[in-house]
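Asker: Take this structure first; my questions come after.
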Ligand code: URP
Ligand code: ZN
Ligand code: ZN
């Protein structure tokens, strides 16, 4: 059978190398990688001279159409995945929030019924655990069999779990091929600081940060790692934003313990100073942006290999919803948009020399696929994997502005950020879904990607 598509004359980027090669696609999969591929009659040729040929990014952390903070996050599966495609992300892991009393397979079905007709690129799920009472705990294995082996527990919010439940879930995960992720912040301290500031009539966005400062997150990271160690289970820390937590992750990994940390572009670019701005409420997310020392520690963690993934925590809200908290930080829905900005920002940082392109591929694609059990299909330019490919032009200049984004949100915290280089095309399973600033994909064309059971016994993937 003839190749349907060949990416010619580009430089292919993997997590360990960059080399000149042509990439051939057949049946939506990468079929050939060679120094020179001769296109046959009818083969579409994409000239990639001067461009990089990258695997599509995998966003390990999104909240699409999620009921949260008294509303629903602005992007649904259509607008969120459309926006993803336009930023070079070809797979998203979205968070399902379990309902109280709901089995995990029912949670998956409830959300997949919404996602399947809407998604423009491929997607998979994690499940946010609320209730493992009675027999519900044992429905985790049914979720694993249904292709969703990753769960997240929250140590905060009104649906957060106790340390006892957290331990129980960790302990159970070991025998069923599941991985537990954690949102680590100390809930009691958040409540203590929040009440204190409210009593002192301190209501600005800056007090969102001061009610969740470095120690609030750091203490919970250390506790989460200790609980995982006690249970003998691997652990994935989502949206890590502070130095103490980073140091604890590094120490655990140095001991050989399988702890994996994710951070987000917003923690790498902004500091807590944003909460002093008049529009500080638009930056409110949890954990909040931290100080310079934490930001430095996160960048060092990426370069050292102790941050395994970079993901967005995409959870946008409209300006008018953020405005609910103009006079009271407690009323600001927590979360920001970023699904279209992650890969362009990280690649731009590589283009500016801060890290290598291969490192970006590793943390934004290859490691995500390996950790979450979809490496048989996603995360690398490799024969047999899905043809999820980004053609990146290192010479383009792009200034982020909400007008040029493709989601449903009416503002972006990234407004005005200047990028060196930008994706020119995004391909999802051999279909062109983005080119030269325009979305070309189709609602409903994205597929659910069933993940394999996860067994991580060492920090090395
Ligand atoms: O502020 C955030 N991060 N909102 C989304 C929910 C979460 O905690 O990940
Ligand atoms: Zn979280
Ligand atoms: Zn999140």
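In this note's numbering, the protein residues as written are -15 to 445. All C-beta atoms in this analysis are idealised placements derived from N, C-alpha and C, irrespective of residue type, glycine included.
(1) Could you check the C-alpha separation between residue 351 and residue 94 for me, to the nearest Å?
(2) Taking 7 Å as the cut-off, does the CB of residue 269 come closer than this to any heavy atom belonging to ligand 1?
(3) Assuming residue 66 is part of the alpha helix (DSSP H), what are its boundary residues?
(4) Can you give me the C-alpha to C-alpha distance between residue 44 and residue 151, rounded to a whole angstrom?
(5) Is it buried or exposed for residue 84, if we count other Cβ within 10 angstroms and need 16 for buried?
(6) Any chance you could list the alpha helix (DSSP H) runs of at least 4 consecutive residues sitting entirely within the stretch 326 to 386, in chain order?
(7) Spatial neighbours of residue 406 within its chain, please: C-beta separation below 7 Å, excluding the five flanking residues on both sides.
(8) By a C-beta neighbour count over all protein chains shown, 10 Å radius and 16 as the cutoff for buried, is residue 175 buried or exposed?
(9) Check whether the Cβ of residue 70 lies closer than 7 Å to any heavy atom of ligand 1, and answer yes or no.
(10) Quick check: the Cα distance between residue 209 and residue 220, rounded to an integer number of angstroms?
(11) Use the C-beta contact count for residue 101: other C-beta atoms within 10 angstroms, 16 or more gives buried, fewer gives exposed.
(12) To which residues does DSSP link residue -10 through a beta bridge?
(13) So what does DSSP say about residue 118, is it helix, strand or coil?
(14) Under the criterion of a Cβ to heavy atom distance below 7 Å, does residue 348 qualify as lining ligand 3?
(15) Any idea which residues DSSP pairs residue 411 with across the strands?
(16) By how many angstroms is the C-alpha of residue 134 removed from the C-alpha of residue -14?
(17) Just checking residue 222 against ligand 2 - is the residue's beta carbon closer than 7 Å to any of the ligand's heavy atoms?
(18) Could you pull the start and end residues of the alpha helix (DSSP H) that residue 98 belongs to?
(19) Is the beta carbon of residue 446 less than 8 Å from the beta carbon of residue 57?
(20) For residue 104, verify whether its CB is less than 7 Å away from any heavy atom of ligand 5.
(21) Based on Cα-Cα distance, which residue from 90, 60 and 39 lies nearest to residue 73?
(22) Please go through the stretch 119 to 160 and give each complete beta strand (DSSP E) segment of 3 or more residues, from N-terminal end onward.
(23) Taking the alpha carbon of residue 240 as the reference point, which residue from 349, 21, 443 and 6 has its own alpha carbon closest?
(24) For residue 109, name the three-state secondary structure that DSSP assigns.
(25) Keeping to the same chain, check which residues put their C-beta closer than 7 Å to that of residue 171; ignore five residues upstream and five downstream.
(26) Taking residue 18 as part of the beta strand (DSSP E), name the residues at either end of that continuous run.
(27) Using the DSSP secondary-structure output, state which residues sit across from residue 394 in a beta bridge.
(28) Which residue's Cα is closest to the Cα of residue 254: 231, 229, 228 and 283?
(29) Tell me whether residue 367 is buried or exposed, calling it buried when 16 or more other Cβ atoms sit within 10 Å of its Cβ.
(30) Could you tell me whether the stretch 27 to 39 touches the stretch 295 to 306, where touching means 3 or more Cβ pairs closer than 8 Å?
(31) Candidates 260, 273, 215 and 132: which alpha carbon is nearest residue 153's?
(32) Starting from the C-beta of residue 128, find all residues in its chain whose C-beta is less than 7 Å away, skip the five residues before and the five after it, and write them out in chain order.
(33) Can you tell me the Cβ-Cβ gap for residue 69 and residue 418, rounded? I've got them flagged as a contact below 8 Å.
(34) Buried or exposed: which applies to residue -1, given that a residue is buried once 16 or more other Cβ atoms fall within 10 Å of its Cβ?
(35) Looking at residue 426 and residue 104, is the spacing between their C-beta atoms short of 8 Å?
(36) Residue 41: which of 194, 106, 19 and 415 sits nearest, CA to CA?
Answerer: Answer, in terms of the structure:
(1) 28 Å
(2) yes
(3) 61 to 70
(4) 23 Å
(5) exposed
(6) 326 to 335, 341 to 345 and 351 to 355
(7) 328, 377, 380 and 382
(8) exposed
(9) no
(10) 9 Å
(11) exposed
(12) 8 and 29
(13) helix
(14) no
(15) 373 and 416
(16) 38 Å
(17) yes
(18) 88 to 99
(19) Limits of the chain in this structure are -15 at one end and 445 at the other, which puts residue 446 out of reach.
(20) For the structure depicted, ligand 5 is absent and the ligand set comprises only ligand 1, ligand 2 and ligand 3.
(21) 39
(22) 134 to 138
(23) 443
(24) strand
(25) 139, 140 and 144
(26) 13 to 18
(27) Answer by DSSP bridge pairing: none, since residue 394 is not bridged.
(28) 283
(29) exposed
(30) no
(31) 215
(32) 160, 161, 162 and 437
(33) 5 Å
(34) buried
(35) yes
(36) 106
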